[in-house]
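To keep things clear, I will list the structure first and then write my remarks on it.
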Amino acid sequence: MTDSSPHSSTIKAIIVAAGRGERSGLDRPKQYQPIRGRPMIRHSVESFSSHPGVSEIWVVIGEDQEKMADAALEGLQGYKLVTGGATRQQSVFNGLSAIADNGGADIVLIHDAARPFLPHEQIDQLIKALDHAAGAIPVLPTTDTTIRVENDHASELVDRDSIWRVQTPQAFRFGDLLEAHVELDGNDNASDDAQIFQAAGHKVAVVPGDEILRKFTTARDFSETAGQRMIDVRTGSGFDVHRLVADEELWLGGLKIDHEKGLAGHSDADVLLHALTDALLGAIAAGDIGDHFPPSDPQWQGAASTKFVKHAVSLIKQKGARINSADMTLICEAPKIKPHRDAMRKNIAGILEIPVDLISLKATTTEGLGFTGRGEGIAAQAIVTISTE
Ligand code: CTP
Ligand code: MG
Numbered sequence: 011m012t013d014s015s016p017h018s019s020t021i022k023a024i025i026v027a028a029g030r031g032e033r034s035g036l037d038r039p040k041q042y043q044p045i046r047g048r049p050m051i052r053h054s055v056e057s058f059s060s061h062p063g064v065s066e067i068w069v070v071i072g073e074d075q076e077k078m079a080d081a082a083l084e085g086l087q088g089y090k091l092v093t094g095g096a097t098r099q100q101s102v103f104n105g106l107s108a109i110a111d112n113g114g115a116d117i118v119l120i121h122d123a124a125r126p127f128l129p130h131e132q133i134d135q136l137i138k139a140l141d142h143a144a145g146a147i148p149v150l151p152t153t154d155t156t157i158r159v160e161n162d163h164a165s166e167l168v169d170r171d172s173i174w175r176v177q178t179p180q181a182f183r184f185g186d187l188l189e190a191h192v193e194l195d196g197n198d199n200a201s202d203d204a205q206i207f208q209a210a211g212h213k214v215a216v217v218p219g220d221e222i223l224r225k226f227t228t229a230r231d232f233s234e235t236a237g238q239r240m241i242d243v244r245t246g247s248g249f250d251v252h253r254l255v256a257d258e259e260l261w262l263g264g265l266k267i268d269h270e271k272g273l274a275g276h277s278d279a280d281v282l283l284h285a286l287t288d289a290l291l292g293a294i295a296a297g298d299i300g301d302h303f304p305p306s307d308p309q310w311q312g313a314a315s316t317k318f319v320k321h322a323v324s325l326i327k328q329k330g331a332r333i334n335s336a337d338m339t340l341i342c343e344a345p346k347i348k349p350h351r352d353a354m355r356k357n358i359a360g361i362l363e364i365p366v367d368l369i370s371l372k373a374t375t376t377e378g379l380g381f382t383g384r385g386e387g388i389a390a391q392a393i394v395t396i397s398t399e
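When the letters of the sequence shown are read in order and numbered with the numbering used here, they come out as residues 11 to 399.
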């Protein structure tokens, strides 16, 4: 990564996302279709925005799609929106013009939103190639036997060694590409920028492409992704402690336990469900229990902690994710947890709406050591995994 910007050039990216995705047959522009739990367009914006060499990303969108694009890209840094045109070439030109009007660049990378999976190594390789060329593109060899087809019949063999598949991103010296576009003045409908660049008399270097850069075009491309079950798995952890005092009820795992002491706290002080809530929120990076249910808010006085867990579960569902498993540990000398363990697991399985065999609950003492050992309080920890498809 260190050599991605060898001469500290200004590198900017354009992602074209103004197409209609007609061949996909989807009921929305394909760039907004979720893939691996995120709108397709978000993936490549994330790749560029997390790349240290790329300073600005221009996302070229369709008319009146600002709201949709901002929603899809919520929370990402360093991107700007510009409206595209009727052809890909015009959309790229609008992106180039926006860069020209905003300080220009030394190098520009042009990428299709329809190629969501973009490794940083590919960006590095293209930028490096510009040390010795004015333009560079990723290409892949043709591995199948390649023929011409005429009138629905197989015709002559084509020498596959001379046939290469072209991908994006494509990297160019900014000034040269802008000039090439201006020269053509929209008088071509090139499907990529290398063609425009070559038409202006420039040479284009090739670097090895990557199958992962494949373009999503037809409905089948989208259903195949679902079929491959490309899953995004996340983990969240939670920890909580409450003080054990006389004259309080003891609630653990959503159940009232008979014991001579209970846990003190603002809500019902169910330490286990609090750790579980934090683990659930942690898995989706949604803050902690105090953010959602401030202790200063009187409405949570004595509240059943089941409510907190249910809220976290609903947030996970809204993200299109599902809970895979929960593993929890209660840390205390007393009460003995084992007699209640299965009832707690069953109750938690009900709250999380998943089978009980995905819920693990363990208990341990601390051998008389520390606040748990002295019986002053109970601690709990929880780990949750979730996945999006
Ligand atoms: N594109 C664009 N402006 C256009 C046409 C295409 O920005 N007027 C973008 C698309 O959004 C896509 C990329 O160019 O990211 C490659 O085009 P393609 O795969 O053909 O996408 P669509 O044109 O959207 O799909 P279709 O041709 O099936 O309608
Ligand atoms: Mg198209």
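A virtual CB, placed ideally from N, CA and C, is assigned to each residue, including glycine.
Looking at the DSSP output, Gln87 bridges to nothing.
Take Leu371, set aside five residues on each side of it, and the residues of its chain with a beta-carbon closer than 6 Å to its own are Met338, Arg351, Met354, Arg355, in chain order. Cβ neighbours of Arg332 within its own chain (closer than 7 Å, five residues either side excluded): Ile396, Ser397. Leu362 is not a Cβ neighbour of Ala390, given a cutoff of 8 Å. Look at which beta carbons fall closer than 7 Å to any heavy atom of ligand 1; those residues are Val26, Ala27, Ala28, Gly29, Arg30, Gly31, Glu32, Arg33, Ser34, Pro39, Lys40, Gln41, Val70, Gly94, Gly95, Ala96, Thr97, Arg98, Gln100, Ser101, Asp122, Ala123, Ala124, Lys225, Thr227.
Under the DSSP definition of a beta bridge, Asp337 partners with Ser370, Ile393.
For the options Thr374, Ile24, Thr316, the alpha carbon positioned closest to that of Gln100 is the one of Ile24. Rounded to whole angstroms, the Cβ separation of Leu283 and Gly264 is 6 Å, and the two are in contact under 8 Å. Excluding its 5 nearest sequence neighbours in each direction, Ile294 has C-beta neighbours in its own chain below 8 Å: Arg244, Gly246, Leu325, Ile326, Lys329, Ala331, Ile396, listed in chain order.
Rounded to the nearest angstrom, the Cβ distance from Val149 to Gln177 is 7 Å, consistent with a contact under 8 Å. In the three-state reduction of the DSSP assignment, Asp288 falls in the helix class, which pools H, G and I. The residue among His321, Ala314, Val69, Ala108 with its C-alpha nearest the C-alpha of Asp301 is His321. Nearest in C-alpha terms to Ser277, of all of Arg30, Ser315, Leu36, is Ser315. Residue state for Glu76 is assigned as helix, using DSSP reduced to three classes. Residue range 184-194 is occupied by the alpha helix (DSSP H) that includes Gly185, with no beta strand (DSSP E) assigned at that position. The three-state reading of DSSP puts Gln180 in strand, counting E and B together. Pro129 places its beta carbon 8 Å or farther from that of His53. DSSP places Leu262 within a strand segment (E or B) once states are collapsed to three. Gly47 sits close to Asp242, with the two beta carbons spaced by under 8 Å.
Within 10 angstroms of the beta-carbon of His252 lie 16 or more other beta-carbons, which makes it buried. Separation of the CB atoms of Val92 and Gly105 is rounded to 6 Å, and the pair is thereby assigned contact status at 8 Å.
With distances taken between CA atoms, Ile147 lies nearest to Lys213 out of Ala28, Lys213, Ile364.
Boundaries of the beta strand (DSSP E) around Phe249: 242-255. Excluding residues up to 5 positions away in sequence, Ala336, Arg355, Ile358, Ala359 lie with their Cβ nearer than 6 Å to the Cβ of Ile369 in the same chain. Closest option to Asp220, judged by alpha-carbon separation, among Ile133, Ala344, Gly95, Gly312: Ile133.
Take Arg170, set aside five residues on each side of it, and the residues of its chain with a beta-carbon closer than 6 Å to its own are Thr152, Thr156, in chain order. No Cβ-Cβ contact shorter than 8 Å links Asp122 with Ile21.
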